[in-house]
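Visitor: Just so you know, we're using our numbering here: the sequence shown kicks off at 6 and counts up by one. Beta carbons are placed, not taken as given, at the ideal position from N, Cα and C, and that holds for glycine. Take a look at the following structure, please.
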Amino acid sequence: MRPEARPKPKPQKNYIPSFPSSERRGITKPAPGSASRVSDKYSALSGTVAISQAEPPQPLELGRIEKAALFDNIKEEFRSRFDDFINSQFFEQQSAQSNVPQTPAGVRQLIKSHKLKEACSLIESLFNTRKTITPFITLPPHEWIDLSIKYISILRKLAKNKQAYEHVLALGELDSNQYCYESYPQFYNNLKGNFIPIELRVIEATVPRYVGQIETSLNQLYSLLGKLKADTTYSLLQKQVQVESNNETNTSDDLIELDPLRSPFKTNSVKKTPDQEKLFWEQVITFSIVEIHLSLKQYCVAISLLHQLTQTDPLNSNIYYLIGRIRLQMGMTQIAKQYFQKADELRPNQSGISLSSHLHQGFLCMNEGRYSDALNEFELVSEFDAHNIDAANNKSICYLQLERLSEAIATLEDLVVSDPYLLTHESVVHNLCALYDLQNETVWGKKEVIWEILSVIAPDAIDFAMLRLPQK
């Protein structure tokens with residue numbers, strides 16, 4: 006039964022973490038003469054701030070020739086920082102034209118190479134049409150279903166929500182006979198039951214929200230959650246046949262972050278008991294429901310659902326972190342602190358320092374406008390985890406609010422130079438390019454360097470429009 010939504014509290018003007026689907030709100034700190042404009046767009050469960058795109062700055066007082074020379078010098082200097090990576094053999098291999106077998110194994114290779122559009126095209130070729138599934142002839146049916154999961158996930162990653170929804174509809178009723186082992190004795194001998202994995206059932210319930218059918222998603226998710234809780238025989242979780250993948254574990258999570266189920270409860274491929282598997286999927290479905298309620302500003306309903314999870318999994322620190330973030334978003338700072346503290350007690354760091362604790366302490370400081378203190382917290386996290394995107398993004402925000410634009414830019418540049426594959430995270434590219442726009446037009450050539458690298462290592466990872474490349 007769906008809980009009733011209580012009247013939503015009015016959030017404070019300055020708040021920190023949110024979820025991907027929640028409305029973007031501005032964080033403002035008036036600063037005389039400051040051109041910075043920031044919004045609190047957060048990546049899923051990361052608290053990562055994204056800087057809003059600024060209006061183009063005023064032209065420098067330089068002549069056209071001098072300005073062009075400075076533009077080129079800055080661009081080449083920035084590119085030189087990636088020399089080792091650009092000259093590496095792996096980069097050259099990635100630059101080569103894709104040449105993969107026209108099979109599910111080829112799809113997996115393309116996904117591993119971040120070539121999502123090519124993977125999508127190959128799947129469509131295997132399906133022989135964009136809207137219906139090829140009859141189960143050349144491959145076992147469960148392998149076609151695995152391709153469908155990847156196909157929908159890629160379409161979601163590429164923001165082709167309507168096409169993803171159409172494919173879900175084309176699958177038809179997942180409990181029909183066409184998805185039963187008994188219908189294909191040539192493949193499954195004496196196996197019985199339905200071979201649809203629960204992952205596809207959750208995706209089927211989640212995708213409608215991305216085409217505006219929020220109520221449909223909520224109803225389907227609540228229904229699926231009820232069925233799962235009542236399933237004492239674990240029939241929804243049965244996987245009698247696994248997809249063949251050259252002895253490699255084959256899941257979307259292992260290949261690339263494709264799954265539209267943005268959940269904090271994802272774990273590695275360690276085999277779980279039936280009870281553990283059931284609890285895991287209850288958490289994933291509940292979080293999908295929570296995300297929708299948060300997008301509707303129904304904070305109390307979301308918190309109520311998360312509290313239900315604490316009854317079945319009281320030692321899961323992720324749940325307490327989520328509740329703390331929602332409370333912080335509602336402006337209840339002291340209550341948020343209590344939940345963060347509870348989560349930290351359940352999840353101590355082996356090195357004696359809780360990175361999550363410092364990360365969330367940084368969020369609290371930002372929420373209170375104490376950017377210098379927040380900066381210290383994020384720097385502690387970076388000291389122990391140099392590639393922590395949450396810490397780097399928020400450090401740049403703190404520098405920006407403290408009117409230290411050059412250091413804000415340097416923070417993100419150092420991050421991507423240390424590992425260029427971090428450019429596949431939209432928040433990093435969005436923030437860095439927005440900071441370039443806040444500086445001046447002579448640094449815009451750095452965007453071209455970012456484009457050059459991304460166009461090879463992950464041409465479909467982000468929307469290149471966010472780079473706002475300078476017009477030639």
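Per DSSP, what kind of secondary structure is N195 in: helix, strand or coil?
Guide: Taking the sequence shown and counting its residues from 1, the one referred to as residue 195 is at position 190. The answer is coil: DSSP assigns N195 none of H, G, I, E or B.
Visitor: Which residues share a DSSP beta bridge with C370?
Guide: As a working note, residue 370 is residue 365 in the sequence shown. DSSP, once it has assigned bridges, lists no residue as partnering C370.
Visitor: On the DSSP letters alone, give me the boundaries of the alpha helix (DSSP H) that R161 sits inside.
Guide: For the purposes of this step, residue 161 is taken as residue 156 along the sequence shown, with counting starting at 1. Unbroken alpha helix (DSSP H) run through R161: P146 to K162.
Visitor: Using CA coordinates, which residue listed in P146, R332, G177 and T291 is at the minimum distance from T315?
Guide: Numbered from its first residue, the sequence shown carries residue 315 at position 310. Nearest C-alpha to T315: T291.
Visitor: For the ligand HEM, any of its heavy atoms closer than 8 Å to the Cβ of K197?
Guide: By its list of ligands, the structure shown contains no ligand whatsoever, and the ligand HEM lies outside what it can speak to.
Visitor: Got a sec? Which residues, its chain only, sit under 6 Å from E187 by beta carbon, not counting five neighbours each side?
Guide: If you number the sequence shown from 1, residue 187 lands on position 182. Excluding sequence neighbours, E187 sits near K197.
Visitor: Could you name the residues of the same chain whose beta carbon sits closer than 8 Å to that of S387, not counting the 5 residues immediately before and after it, in chain order?
Guide: As a working note, residue 387 is residue 382 in the sequence shown. Excluding sequence neighbours, S387 sits near N393, A396, A397 and K400.
Visitor: Mind checking who C185 pairs with in its DSSP beta bridge?
Guide: Numbered from 1 along the sequence shown, position 180 holds the residue referred to as residue 185. Residue pairing by DSSP puts C185 in a beta bridge opposite N199.
Visitor: Using a threshold of 9 Å, state whether the C-beta atoms of I462 and L437 are closer than that.
Guide: The sequence position of residue 462 within the sequence shown is 457, counting from 1. The sequence position of residue 437 within the sequence shown is 432, counting from 1. No, the Cβ-Cβ distance between I462 and L437 is not below 9 Å.
Visitor: Using CA atoms only, rank isn't needed, just tell me which of T278, V207, E418 and R409 is closest to T238.
Guide: Counted from its first residue, the sequence shown places residue 238 at position 233. When only C-alpha atoms are compared, the closest one is T278.
Visitor: Excluding sequence positions up to five away, which residues of its chain have a Cβ less than 7 Å from the Cβ of L320?
Guide: The residue given as residue 320 occupies position 315 in the sequence shown. Correct list, in chain order: L351.
Visitor: So what's A415 in DSSP terms, helix, strand or just coil?
Guide: Stepping through the sequence shown from its first residue, residue 415 is reached at position 410. Note: A415 maps to helix in three-state DSSP.
Visitor: Find the nearest neighbour of E204 within the set L241, E178, Y404 and L420, judged by alpha-carbon distance.
Guide: Taking the sequence shown and counting its residues from 1, the one referred to as residue 204 is at position 199. Considering only alpha carbons, the answer is L241.
Visitor: With Y326 and A348 assumed to form a contact (beta carbons below 8 Å), what rounded beta-carbon distance in angstroms separates them?
Guide: By one-based count along the sequence shown, residue 326 stands at place 321. By one-based count along the sequence shown, residue 348 stands at place 343. Cβ-Cβ separation between Y326 and A348: approximately 5 Å, consistent with a contact (criterion under 8 Å).
Visitor: Can you name, in chain order, every residue of its own chain whose Cβ lies under 7 Å from the Cβ of N166, other than the five neighbours on each side?
Guide: In the sequence shown, residue 166 corresponds to position 161, counting from 1. Same-chain partners within the cutoff: Y215 and V216.
Visitor: Go to S401, then tell me how far its alpha helix (DSSP H) extends in each direction, as first and last residue.
Guide: Numbered from its first residue, the sequence shown carries residue 401 at position 396. Unbroken alpha helix (DSSP H) run through S401: I394 to Q406.
Visitor: Please classify E296 as buried or exposed, where buried requires at least 16 other C-beta atoms within 10 Å of its C-beta.
Guide: Numbered from 1 along the sequence shown, position 291 holds the residue referred to as residue 296. Looking at its Cβ environment, which holds 16 or more other Cβ atoms inside 10 Å, E296 is buried.
Visitor: How should F389 be labelled, buried or exposed, when 16 other C-beta atoms within 10 angstroms of its C-beta is the threshold for buried?
Guide: Locating residue 389 in the sequence shown gives position 384, where the first residue counts as 1. So F389 ends up on the exposed side.
Visitor: On the three-state DSSP scale, how would you describe S460?
Guide: Residue mapping note: residue 460 aligns to position 455 of the sequence shown, counting from 1. Correct three-state label for S460: helix.
Visitor: Roughly how many angstroms lie between the CA atoms of P213 and I294, to the nearest whole one?
Guide: In the sequence shown, counting from the first residue as 1, residue 213 sits at position 208. In the sequence shown, counting from the first residue as 1, residue 294 sits at position 289. Their backbone Cα atoms lie some 13 Å apart in a straight line.
Visitor: Kindly indicate which three-state DSSP category S362 falls into: helix, strand or coil?
Guide: Walking along the sequence shown from the start, residue 362 turns up at place 357. Here S362 sits in helix by DSSP.
Visitor: If we ignore side chains and look at the alpha-carbon of each, how far apart do R113 and H430 end up?
Guide: For the purposes of this step, residue 113 is taken as the residue at position 108 of the sequence shown. For the purposes of this step, residue 430 is taken as the residue at position 425 of the sequence shown. Answer to the nearest angstrom: the Cα atoms are 20 Å apart.
Visitor: E412: which of A391, P425, L385 and Q444 sits nearest, CA to CA?
Guide: Residue 412 sits at position 407 when you count from the first residue of the sequence shown. Looking at the Cα atoms, Q444 is the closest of the given residues.
Visitor: Under a Cβ-count criterion, where at least 16 other Cβ atoms within 10 Å of its own Cβ denotes burial, should E209 be classed as buried or exposed?
Guide: Looking up residue 209 in the sequence shown gives position 204. Buried: at least 16 other Cβ atoms inside 10 Å.
Visitor: By Cβ distance below 6 Å, which residues in the same chain neighbour Y193 in space, the five residues on each side in sequence not counted?
Guide: As a first step, residue 193 is located in the sequence shown; it is residue number 188 there, counting from the start. Y186, listed in sequence order.
Visitor: Report the option in D77, P202, I157 and Y376 whose CA atom is closest to the CA atom of Q168.
Guide: For the purposes of this step, residue 168 is taken as the residue at position 163 of the sequence shown. Out of D77, P202, I157 and Y376, I157 has the C-alpha closest to the C-alpha of Q168.
Visitor: Does DSSP put D468 in a helix, a strand or coil?
Guide: Position 463 of the sequence shown, counted from the first residue, corresponds to residue 468. The answer is coil: DSSP assigns D468 none of H, G, I, E or B.
Visitor: Which residue's Cα is closest to the Cα of S432: R409, K452, I467 and T447?
Guide: What you label residue 432 is simply residue 427 of the sequence shown in a count that begins at 1. Taking only the C-alpha atoms, the option nearest S432 is I467.
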